[in-house]
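J.:
Number of protein chains: 2
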Amino acid sequence: MFSIGQLSKATGVKVPTIRYYEEIGLLPEPGRNAGNQRRYGQDGMDALGFIKHARDLGFSLEDIKALMGLDGHLGDDCAEADRIARSQLANVRDRIRKLRQLASELERISHLCDGGNGGCCKVLTALGDHSQCAGEHE
Amino acid sequence: MFSIGQLSKATGVKVPTIRYYEEIGLLPEPGRNAGNQRRYGQDGMDALGFIKHARDLGFSLEDIKALMGLDGHLGDDCAEADRIARSQLANVRDRIRKLRQLASELERISHLCDGGNGGCCKVLTALGDHSQCAGEHE
DNA sequence: TCTTGATGCTCTAGTGACTAGAGGCCCTAC
DNA sequence: GTAGGGCCTCTAGTCACTAGAGCATCAAGA
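In order, the protein sequence lines correspond to chains S and R.
Each position in the first sequence, counted from 1, maps to that position plus 617 in the numbering used here.
Each position in the second sequence, counted from 1, maps to that position plus 617 in the numbering used here.
Right under this line is the structure:
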């Protein structure tokens, strides 16, 4: 049996966050000891590990709830789990694409200040004027 | 003079968002007409354009507030504007790096389901087990 | 056994950047 | 004059936590 603090250390999820996951129904309510403190078994550890990993991969708590719901009847809903994973992948790729455009524009803006005091300060002007941007962003 | 709705259409910032920016002191309070409705001049339009563009570039409202504060005394604080822009660039690059790792892991996980029913369903298992991951993420 | 300090408990409120809705007032065009 | 769209304020909700208050419990050492 693990205390909430041990669970936290083992998974890297902070204590208040664990209680929050329980509150919103993501993590099943564990048993309590005589002093009303939470006591977790291996299943609680596994569930929290699943959540942590999926969160690190950028899944929303809503998605994770759906994924965990599938866990009971795996065979049938493999397609559903796959769908969620693929949609998350598309999401991540889209974010990368947008961020690349932002980075290139920020580079352009930063270079305006390279010469020291000479061409300064075009940074604020560039930020105020989208028409100077090479491509579309957002 | 523009109404809040006209400003919204021109800049692409939603009406409640404009009021929100005013509430938090990012956008200066405009004048009002006889019926207590906001009326903006070109300066309001420019300020909102600046905010919009900087938001699209991923700057926080806090950063934008700092950037706009510099506007009055540009010469001196070019260095500060440049510092904020560069730190934002570093930030974006870091997010891209992390997202690339996530994408590659998500690709790996998605491929587990490629064969249809054969190897199904490893997706949920993979999500639950970080030790299967090739690299570090987050 | 007693004490001490870490850990645990519940509850409320705050974060950032909005978004939604209620209930009412104003403006413009017909 | 009236219809309907736009505008007003205010409150509360979103997501995924985070912080703090004020108190109870636990484990280890004296």
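C-beta atoms are modelled at their ideal positions from N, C-alpha and C, and glycine is treated no differently.
(1) Any idea what DSSP makes of Gly733 of chain S, helix, strand or coil?
(2) Which residues, in chain order, does the region 702 to 713 of chain S contribute to contact with chain R at a C-beta distance below 7 Å?
(3) Rounded to whole angstroms, what's the CA-CA distance from Ser677 of chain R to Asn708 of chain R? Just pull it up for me.
(4) Could you pull out every residue in the same chain whose Cβ sits closer than 8 Å to the Cβ of Gly629 of chain S, ignoring the five residues on either side in sequence?
(5) Under three-state DSSP, which class holds Gly622 of chain R?
(6) Please report how far the alpha carbon of Ser620 of chain R lies from the alpha carbon of Pro645 of chain R, in whole angstroms.
(7) How should Arg636 of chain S be labelled, buried or exposed, when 16 other C-beta atoms within 10 angstroms of its C-beta is the threshold for buried?
(8) Applying the 10 Å Cβ sphere with the 16-neighbour rule, what's the burial state of Gly732 of chain S?
(9) For chain S, find out if any of its Cβ atoms is closer than 8 Å to the Cβ of Gly735 of chain R; answer yes or no.
(10) Please classify Leu665 of chain R: does DSSP put it in a helix, a strand, or coil?
(11) At 8 Å on the CB atoms, spell out the chain R contacts of Glu724 of chain S, in chain order.
(12) From the DSSP output, read off the bridge partner residues of Arg712 of chain R.
(13) I'd like to check one pair, Gln705 of chain S with Gly675 of chain S: are the Cβ atoms closer than 8 Å?
(14) How would you call Met618 of chain S, buried or exposed, if buried means at least 16 neighbouring beta carbons within 10 angstroms?
T.: Let's see:
(1) Interpretation of Gly733 of chain S is limited by its pLDDT of 49, a score under 50 that renders its predicted location unreliable; no figure is taken from the coordinates.
(2) Ala702, Arg703, Gln705, Leu706, Val709, Arg710, Arg712 and Ile713
(3) 12 Å
(4) Lys669
(5) helix
(6) 15 Å
(7) exposed
(8) Any reading at Gly732 of chain S must be qualified, since the residue scores a pLDDT of 48, below 50, and its modelled position is unreliable; no value is offered.
(9) The predicted model places Gly735 of chain R with a pLDDT of 43, which falls under 50 and marks its position as unreliable; any figure quoted below should be read in that light. Cβ-Cβ to chain S under 8 Å: no for Gly735 of chain R.
(10) helix
(11) Leu706
(12) Bridge partners of Arg712 of chain R: none, in fact.
(13) yes
(14) exposed
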